[in-house]
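Below is one structure, written out as structure tokens, with a few remarks after it.
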Amino acid sequence: MRVTGLAIFVLAGLSAGAGWADPPSASVRPPVRPGAPGAETPGPTAPGIVAAEVQSVQSLAATRLAQLEVPSSLRPSPRGTAAAPAAPVTEVEPHAQARASDAGFARWIEGFRARARNAGISDATFSQAFSGIQLNTRVLDRDRNQSEFTRALWDYLDSAVSDTRVRNGREALQQHGSALDGIERRYRVEAEVVAAIWGLESAYGHMRGDTNIIEAMATLAYDGRRRDFFEEQLIAALRILQAGDVDARHMTGSWAGAMGHTQFMPTSFLSFAQDANGDGRRDIWSDNPVDALASTANYLAEHGWTYGQPWGMEVVLPRGFDFSQSGERVKRPVSHWNAAGVRLTNGQPIPDHGRASILLPAGAAGVPLVIFDNFHVIERYNPADAYVIAVGHLSDRIAGAGPFRAGWPRGDRALSFAERQELQRRLTAAGFPPGNVDGIIGPNTIDAVRRYQAAQGLVPDGYASLAVLERLR
Ligand SMILES: [Ca+2]
Ligand SMILES: [Ca+2]
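Everything in the sequence shown is counted per this note's numbering, starting at 983 for the first residue and increasing by one.
In structure tokens, the structure reads:
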């Protein structure tokens, strides 16, 4: 979980066929995201975790980067709502530039010290936390070089819910079974769901990130593109140090501020972290994952998790299904969908877990899902539909379920950021305004696509595909 307040996630875009940002080059690390381990080097590849998984986590992280800014999410948003193009990196002689920045950074730290004091941070805490801290140029590089390329949902799911990650999840569940059982009983959140988040956020603890959080948050706050957000995270990080949960040297995470096994931003930590083993510290960083897992369960519980309710289920739509009724904004009692002929893949009616929506993350040619309220609880961790589907599906796979039955339109490619903006501009020009031209395929854009498709006599599945863009051209 991350921080309250963040968010962008790349994933979000996916939901409608947009994609995730690819890892900027094969570079080592995921961009910001909260979810990902932000270390510069992939964490130790522990026995049992295959390199492929590590790699995929990195991609994942990268993926998450950017698409929506959802205020209530935990994660920080890497790029800011506007997904502004990265600032051009000035071509200045590197050493001279670094020296000038360092002087400015030192002055900024002194100014920030007064603001921290006003927020209740003692001089002792501050001095200890900032001892040895320097402007971290790798953090700035990551922040400025987030890719505009996107991955298709199915490519993302291939790595997020790979056989390796499923297998490692089952092993993790066995190894930490009694702790996870205790967490499930106490917080009323299924162990498989907690394990799935752990698997996506840090490859079950193998990629927690090794960037000094004070240094990363101070660097990003000083940089100024999202100063208020990162100053808030920095103050929260100082509060954590002052409370004694961890010392500055061990408070590490991703370059974007996500910490520990399940990648909490500092503000999320303050609101939701738990001391599950009773040693007096909420330690989400150490090798023992129990505090982090309990913190994640607590986060979901506090955001309204309903025990026993699925996140979603794959369904089969009847011939003649009214696609204008799809999308997460249309919530109906399960009885409505059953009466309309929607069925589970085994032919049974949908079980009654409350009001539900029919979600078509890749349009009529992809996997159709019925989603329940818990889907939206996972969105509080990361608002991207793709992330939510990955967590939900991974949890089902860990629990023993098989892969999705329906396929994906694998011949399609994801739209780039520029193409998503073009799609939004062209929808507006055609009389179907999607709201902001922000490159984020959210519910407004999906609705606009749906209305355009209906007017054109196409299947109104809301899928923001290249075919729709080409037709608009
Ligand atoms: Ca503890
Ligand atoms: Ca959504």
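Cβ coordinates follow ideal geometry from the N, Cα and C atoms, glycine included.
This one's a predicted model, so the numbers in the text were calculated from it and none came from an experiment.
Taking the alpha helix (DSSP H) that residue 1174 falls in, what are its first and last residues? Here residue 1174 corresponds to residue number 192 of the sequence shown, with the count starting at 1. From DSSP, the alpha helix (DSSP H) with residue 1174 extends over 1173–1184.
Where residue 1450 and residue 1128 are concerned, what is the direct C-alpha to C-alpha distance, given to the nearest angstrom? Translated into positions along the sequence shown, residue 1450 becomes position 468. Translated into positions along the sequence shown, residue 1128 becomes position 146. Their backbone Cα atoms lie some 26 Å apart in a straight line.
Considering only their Cβ atoms, is the gap separating residue 1150 from residue 1186 smaller than 7 Å? On the sequence shown, residue 1186 is found 204 positions in, with the first residue counted as 1. On the sequence shown, residue 1150 is found 168 positions in, with the first residue counted as 1. Contact: yes.
Extent of the continuous alpha helix (DSSP H) to which residue 1431 belongs: Taking the first residue of the sequence shown as 1, we reach residue 1431 at position 449. Taken as a continuous stretch (DSSP letters only), the alpha helix (DSSP H) holding residue 1431 covers 1425–1437.
Could you spell out where the beta strand (DSSP E) holding residue 1341 opens and where it closes? Your numbering for residue 1341 matches position 359 in the sequence shown. Element bounds for residue 1341: 1339–1341.
Does the beta-carbon distance from residue 1305 to residue 1441 come in below 7 Å? For the purposes of this step, residue 1305 is taken as residue 323 along the sequence shown, with counting starting at 1. For the purposes of this step, residue 1441 is taken as residue 459 along the sequence shown, with counting starting at 1. Yes, the Cβ-Cβ distance between residue 1305 and residue 1441 is below 7 Å.
Work out the CA separation of residue 1381 and residue 1184 for me, nearest whole Å. The residue labelled residue 1184 in the question sits at position 202 within the sequence shown. The residue labelled residue 1381 in the question sits at position 399 within the sequence shown. So the two alpha carbons sit approximately 19 Å from each other.
Since residue 1325 sits in a beta bridge, which residues does DSSP pair it with? Indexing the sequence shown from 1 puts residue 1325 at position 343. Its beta-bridge partners are 1298.
For residue 1276, which residues from the same chain have a beta carbon less than 6 Å from its beta carbon, with the 5 sequence-adjacent residues on both sides left out? Here residue 1276 refers to the residue found at position 294 when the sequence shown is read from its first residue. Excluding positions up to five away in sequence, the list reads 1165, 1256 and 1258.
I want to check one thing, is the minimum distance from the CB of residue 1259 to the heavy atoms of ligand 1 below 6 Å? Taking the sequence shown and counting its residues from 1, one reaches residue 1259 at position 277. Result yes, Cβ under 6 Å from ligand 1.
Let me make sure I understand the geometry here. Which of 1433, 1353 and 1222 has the alpha-carbon closest to that of residue 1416? In the sequence shown, the residue the question calls residue 1416 occupies position 434. When only C-alpha atoms are compared, the closest one is 1433.
Are there any heavy atoms of ligand 1 lying less than 6 Å away from the beta-carbon of residue 1265, as far as the coordinates show? Position 283 of the sequence shown, counted from the first residue, corresponds to residue 1265. At least one heavy atom of ligand 1 is nearer than 6 Å to the Cβ of residue 1265, so yes.
Residue 1392 beta carbon less than 7 Å from that of residue 1136: The count along the sequence shown starts at 1 and reaches residue 1136 at position 154. The count along the sequence shown starts at 1 and reaches residue 1392 at position 410. It is a contact, given that the beta carbons lie within the stated cut-off.
CA-to-CA distance, residue 1426 to residue 1341, given in whole angstroms: Looking up residue 1341 in the sequence shown gives position 359. Looking up residue 1426 in the sequence shown gives position 444. Roughly 14 Å separates the two Cα atoms.
Going straight from the alpha carbon of residue 1438 to that of residue 1414, what length do you get? What you label residue 1438 is simply residue 456 of the sequence shown in a count that begins at 1. What you label residue 1414 is simply residue 432 of the sequence shown in a count that begins at 1. C-alpha separation (whole angstroms): 12 Å.
Member of 1345, 1343, 1315 and 1322 whose CA lies at the smallest distance from the CA of residue 1335: To locate residue 1335, count along the sequence shown from 1; it is residue 353. Selected option, being the one with the closest Cα: 1315.
Quick one: grab the DSSP three-state call for residue 1524. Examination of residue 1524 is not possible in this model, given that the chain is present from 983 through 1455 alone.
Quick check: what's the CA-CA separation for residue 1102 versus residue 1122? Looking up residue 1102 in the sequence shown gives position 120. Looking up residue 1122 in the sequence shown gives position 140. One C-alpha to the other measures close to 28 Å.
Taking one C-beta from the region 1147–1161 and one from the region 1103–1120 each time, how about it: are there three or more such pairs within less than 8 Å? no
I'd like to confirm the pairing. Which residues does DSSP put opposite residue 1193 in its beta bridges? The residue given as residue 1193 occupies position 211 in the sequence shown. For residue 1193, which the question treats as bridged, DSSP gives the partners 1235.
Residues of its chain near residue 1407, where Cβ-Cβ distance is below 6 Å and the 5 sequence neighbours each way are ignored: The residue you call residue 1407 lines up with position 425 of the sequence shown. Cβ neighbours of residue 1407 beyond the five flanking positions: 1419.
Please report the distance separating the alpha-carbon of residue 1030 from that of residue 1144. If you number the sequence shown from 1, residue 1030 lands on position 48. If you number the sequence shown from 1, residue 1144 lands on position 162. Confidence is the limiting factor: at residue 1030 the pLDDT is only 29, short of 50, which leaves the residue's position unreliable, though a coordinate-based value still follows. Between residue 1030 and residue 1144, the C-alpha separation is close to 14 Å.
Given a cut-off of 7 Å, decide if residue 1189 and residue 1219 are closer than it, judged by their beta-carbon atoms. Within the sequence shown, the letter at position 237 stands for residue 1219. Within the sequence shown, the letter at position 207 stands for residue 1189. No, these two residues do not count as a Cβ contact at 7 Å.
Please classify residue 1328: is it buried, with 16 or more other beta-carbons within 10 angstroms of its beta-carbon, or exposed? On the sequence shown, residue 1328 is found 346 positions in, with the first residue counted as 1. That one is exposed.
In or out: residue 1243 buried (at least 16 other Cβ within 10 Å) or exposed? By one-based count along the sequence shown, residue 1243 stands at place 261. Answer is buried; the Cβ neighbour count reaches 16.
Which listed residue (1284, 1324, 1104 and 1405) has its alpha carbon closest to that of residue 1302: One-based indexing of the sequence shown puts residue 1302 at position 320. Out of 1284, 1324, 1104 and 1405, 1324 has the C-alpha closest to the C-alpha of residue 1302.
Ligand 2 heavy atoms versus the CB of residue 1443: any closer than 6 Å? Walking along the sequence shown from the start, residue 1443 turns up at place 461. No, since every heavy atom of ligand 2 falls outside the 6 Å radius drawn around the Cβ of residue 1443.
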